Amino acid sequence: MSEVKPRIRLPRSVKAGQAAEVKTLVSHVMETGLRKDSSGNIIPRMIINRFTCEYGGEMVVDMALEGAISANPYVEFDIMVGDATDVVFTWYEDGGAVYTQTEQLTIG
Amino acid sequence: MKTFTLSKLMASAAICAVALTSAAHADPHPDAELIIDGELKLNVRAEAPAHLDGALPELYSGWLFRTDETRALQMDDFENPAILAVEAGAELWETAQGATDQSCADCHGDAAESMKGVRASMPKVNENGDLWSMEDYVMNCQTTRMEAEPYGWNSSDMRNLTSFISMQSRGMPVDVAIDGAAAPFWEKGKEMYYTRFGQLELSCANCHEDSWGMMIRADHLSQGQINGFPTYRLKNAGMVSIHNRFRGCIRDTRAESFAIGSQEFRELELYVASRGNGLAVEGVAVRQ
Amino acid sequence: MITRRETMALGLGVATITLLPLRASAAAGDAIAAYTGGAAVTEGGVMITAPEIAENGNTVPITVEAPGAAEIAIYADGNPTPGVAVFKFGPAAGSNRASTRIRLGGTQDVVAVAKMPDGSFMQAAVEVKVTIGGCGG
Numbered sequence: 151m152s153e154v155k156p157r158i159r160l161p162r163s164v165k166a167g168q169a170a171e172v173k174t175l176v177s178h179v180m181e182t183g184l185r186k187d188s189s190g191n192i193i194p195r196m197i198i199n200r201f202t203c204e205y206g207g208e209m210v211v212d213m214a215l216e217g218a219i220s221a222n223p224y225v226e227f228d229i230m231v232g233d234a235t236d237v238v239f240t241w242y243e244d245g246g247a248v249y250t251q252t253e254q255l256t257i258g
Numbered sequence: 371m372k373t374f375t376l377s378k379l380m381a382s383a384a385i386c387a388v389a390l391t392s393a394a395h396a397d398p399h400p401d402a403e404l405i406i407d408g409e410l411k412l413n414v415r416a417e418a419p420a421h422l423d424g425a426l427p428e429l430y431s432g433w434l435f436r437t438d439e440t441r442a443l444q445m446d447d448f449e450n451p452a453i454l455a456v457e458a459g460a461e462l463w464e465t466a467q468g469a470t471d472q473s474c475a476d477c478h479g480d481a482a483e484s485m486k487g488v489r490a491s492m493p494k495v496n497e498n499g500d501l502w503s504m505e506d507y508v509m510n511c512q513t514t515r516m517e518a519e520p521y522g523w524n525s526s527d528m529r530n531l532t533s534f535i536s537m538q539s540r541g542m543p544v545d546v547a548i549d550g551a552a553a554p555f556w557e558k559g560k561e562m563y564y565t566r567f568g569q570l571e572l573s574c575a576n577c578h579e580d581s582w583g584m585m586i587r588a589d590h591l592s593q594g595q596i597n598g599f600p601t602y603r604l605k606n607a608g609m610v611s612i613h614n615r616f617r618g619c620i621r622d623t624r625a626e627s628f629a630i631g632s633q634e635f636r637e638l639e640l641y642v643a644s645r646g647n648g649l650a651v652e653g654v655a656v657r658q
Numbered sequence: 101m102i103t104r105r106e107t108m109a110l111g112l113g114v115a116t117i118t119l120l121p122l123r124a125s126a127a128a129g130d131a132i133a134a135y136t137g138g139a140a141v142t143e144g145g146v147m148i149t150a151p152e153i154a155e156n157g158n159t160v161p162i163t164v165e166a167p168g169a170a171e172i173a174i175y176a177d178g179n180p181t182p183g184v185a186v187f188k189f190g191p192a193a194g195s196n197r198a199s200t201r202i203r204l205g206g207t208q209d210v211v212a213v214a215k216m217p218d219g220s221f222m223q224a225a226v227e228v229k230v231t232i233g234g235c236g237g
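Residue numbers (my numbering), protein chains in the order written: chain U, 151 to 258; chain V, 371 to 658; chain X, 101 to 237.
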C-alpha cells in the first residue's frame, strides 16, 4: 500500500567474532493516526510497527515501533559475526503487509 | 528623570546591538567542513561575489548554521534521508511517459553526463528570452517532447526528479549568469529582495543580510543561501523546493505570498542564487 | 550511573554527564508499569545519547545502550502516546545498543527502561529541548 523501499548498509568486510554495525532506512510516512486532513477527518494510522533482523537463522534484533518513530524510519544496531553470510531484514506494516530483504555479509 | 533612564537604556541597547552584530556576523562553525562519506568535500564557504558590494563579508552555506546532529545527517549519504528522493528521481529519469513513450534517459542518456552543471546554472534565460527554473525545463520537456501530463511544480515527482538532477552537480560552484539577457530579471529579483513585505514589514535582507548569525527566537538565522536545494527539511520530513521555501518565508512576514512557479519567484530565485555564486551545489541538503 | 549525553558524530561538543530525577508523566508512568509488570525499577545502567537541543522535534536522533540487557524500551514522557519503541536483542546481536530517530512533541524527558535477563529492570532519562523555529514553524 505505502511505498516501502528498504536501504541497508553493511560494513564492506567483517571478521568472524566481531560486531558489525548495520544501518537501515526505509521510505515510509509513519502516519500516526493523530493527524487530520484538510476536511477535518482523522488520517488513519499507517506505520511500520515491527522490524526484525535475523542472521544465520538467529534473531539479532526484534523491534516494536510506535508512531513516535520518525518518517522514513532509521534503525542502527550491531550483528555478532559468525560463519553465516545471509542477513534477513523484515519490516511489518499496519494492515499486514510484510517487506523482506536479504543481504550478504562479506567475511574476510 | 524618566527620559534620562530611557535614553540610557536605549544607549546600552544600541551598544548591545553593535556587539551582537559583530559577534553574529562570523563563521558559525569555523572548524566544520562538509565532507560526504569522508570523501567528497563541498565548499560551504566562498568569497562574496563582486555584485554584493560588501553586503556579506564571506558566503556561508546554511549547513554551517545548523546543529551538530543536523549537520551530521548530511555528511553521510546513507543517513541523509534526502537520498530517498534522489533514488526515487533516478527511477523517474528512466520511466517512459506520455504519447511518445519516452523517458528522460531516452533523450538525455546518462544524467551524470548530461545533467552535470545544470543545477549550478539555474535559473537561466531560455532561447525565447524567458527566465526559467529547473522545474520549467522539466515541464517543457514533458509537454512538448514527451507529450505527457507535466508534473506539478511542487509535486513529489517533481521534487524527486529535481533532487536527482541536482545531485549531478554536487560539489560544483553555483554559477548563475546575471548579465546579458538575465540582467533585467536579476534587477527585479534584487528589488524584491530588498522590499519589505507583510504586516511585519520584513524584507529578505532584514533577516538574511542584516541579521544572519543572530537568533530569531530559537532559530539560528542563516544567509538564506539556496545552494542546498532541494532540501530535506526535518520539519516537513520531506523535500522542499526553492519556491516552496520562498512562499513560506514571505507568508511568515504575514503577507499574501506569491505563488510557487510565479514569475516573481523565478526572478527572486535568480537573485538569491547569485548571492551564493561560488558556494558548492550540495545536491540535496538537510535542514531543520 | 551512566546516563550520558554527548554531541554526536562530529566530536565538536563536550560530553557531559546528566542525571535527571525521574518525573515521568502519568501516561508514561502507566506505560512503563505495564511494560515492567509493576516490578521495581533501578535507576542507572542505561545510557541514552540524544541532543540537548533538537532543532526540530520531527527527527531527533537517539541511541540507547544497556550492557547485558535483553530488551530496552523507550518512552517519550510528553508525547500524546508515550510509547516509542521496544528493542529486543537476540542471540546474534553484537551489542545491547540501538539507534533510531524519534518524534518529540515538545521539550520533554526521554526515558529508557532496560529489561535484564534475570527479569529485573533499570532505567535512565534525559531531557531533550525541542525548539520552535524563528517564524513560528
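Glycine included, each C-beta is placed from N, C-alpha and C at the ideal position.
Only a predicted model underlies this, so the values are computations on that prediction, with no experimental measurement involved.
Asked                                                                                                                                   : Found
Whole-Å CB distance - serine 431 of chain V paired with asparagine 524 of chain V, under 8 angstroms assumed                            : The pair is not a contact, with the Cβ atoms about 24 angstroms apart (cut-off 8 angstroms).
Alanine 209 of chain U and glycine 190 of chain X closer than 7 angstroms at C-beta                                                     : The sequence given here places methionine at residue 209 of chain U; alanine does not occur at that position. Cβ distance < 7 angstroms, so methionine 209 of chain U and glycine 190 of chain X count as in contact.
Own chain partners of glycine 206 of chain X with C-beta closer than 8 angstroms, once the 5 adjacent residues on each side are dropped : Gly157, Gly178, Val230
For alanine 458 of chain V, three-class secondary structure by DSSP                                                                     : helix
Environment of aspartate 401 of chain V [buried if 16+ CB atoms lie within 10 Å]                                                        : exposed
Cβ of lysine 411 of chain V within 7 angstroms of any chain X Cβ                                                                        : no
Segment limits, beta strand (DSSP E) that includes valine 237 of chain U                                                                : 236-243
Exposure label - isoleucine 202 of chain X; buried when at least 16 CB within 10 Å                                                      : buried
Chain X within 7 angstroms of leucine 434 of chain V, Cβ atoms only                                                                     : no
Chain X contact residues for threonine 346 of chain V, given Cβ-Cβ distances below 7 angstroms                                          : The structure shown does not extend to residue 346 of chain V, since chain V spans only 371 to 658, so no value can be given for it.
Beta-carbon gap between alanine 481 of chain V and glutamine 538 of chain V smaller than 7 angstroms                                    : yes
CB contact flag (proline 156 of chain U, glutamine 251 of chain U, <7 angstroms)                                                        : yes
Straight-line Cα distance separating phenylalanine 187 of chain X from lysine 141 of chain U                                            : This structure leaves residue 141 of chain U out entirely; chain U is present only between 151 and 258.
8 angstroms Cβ shell around leucine 501 of chain V - same chain, five flanking residues per side excluded                               : Pro493, Lys494, Val495, Ala552, Phe555, Gln633, Arg636, Glu637, Leu640
Three-state class that DSSP yields for aspartate 527 of chain V in the structure shown                                                  : helix
Range covered by the beta strand (DSSP E) that runs through arginine 201 of chain X                                                     : 193-202
Leucine 689 of chain V versus phenylalanine 599 of chain V - alpha carbon distance                                                      : No answer is possible for residue 689 of chain V: it lies beyond the span of chain V, which begins at 371 and ends at 658.
Chain-ordered residues of the stretch 182-208 of chain X with a beta carbon less than 7 angstroms from chain U                          : Gly183, Val184, Ala185, Val186, Phe187, Lys188, Phe189, Gly190, Pro191, Ala192, Ala193, Gly194, Ser195, Arg197, Ala198, Ser199, Thr200, Arg201, Ile202, Arg203
Chain-ordered neighbours of asparagine 158 of chain X on chain V, where CB pairs are closer than 7 angstroms                            : Leu604, Lys605, Ala607
Chain V contacts from the stretch 132-155 of chain X (Cβ-Cβ distance under 8 angstroms)                                                 : Pro151, Ile153, Ala154, Glu155
CB of methionine 180 of chain U within 7 angstroms of CB of alanine 221 of chain U, strictly                                            : yes
Min CB distance serine 177 of chain U to chain X below 7 angstroms                                                                      : no
Neighbour flag for arginine 159 of chain U against chain V, beta carbons, 7 angstroms                                                   : yes
Option in X:Gly138, X:Ser125, X:Asp130, X:Ala127 with minimal Cα separation from phenylalanine 221 of chain X                           : X:Gly138
Inter-stretch contact (C-beta, 8 angstroms, three-pair minimum) for the stretch 601-611 of chain V and the stretch 558-578 of chain V   : no
Validate contact between the stretch 235-245 of chain U and the stretch 191-201 of chain U using beta carbons, cut 8 angstroms, 3 pairs : yes
Whole-angstrom C-beta distance between alanine 416 of chain V and glycine 648 of chain V, which should lie under 8 angstroms            : 3 angstroms
Three-way DSSP call (helix, strand, coil) for arginine 624 of chain V in this model                                                     : coil
Pairwise C-alpha distance: alanine 192 of chain X and asparagine 218 of chain X                                                         : As written in the sequence, residue 218 of chain X is aspartate, which differs from the asparagine given in the question. So the two alpha carbons sit approximately 19 angstroms from each other.
Given 8 angstroms, three or more beta-carbon pairs between the stretch 561-574 of chain V and the stretch 651-658 of chain V            : no
Contacts that proline 600 of chain V makes with chain U (C-beta to C-beta distance below 8 angstroms)                                   : Ordered by position in chain U, no residue passes the 8 angstroms Cβ test against proline 600 of chain V, which lies about 15 angstroms from the chain.
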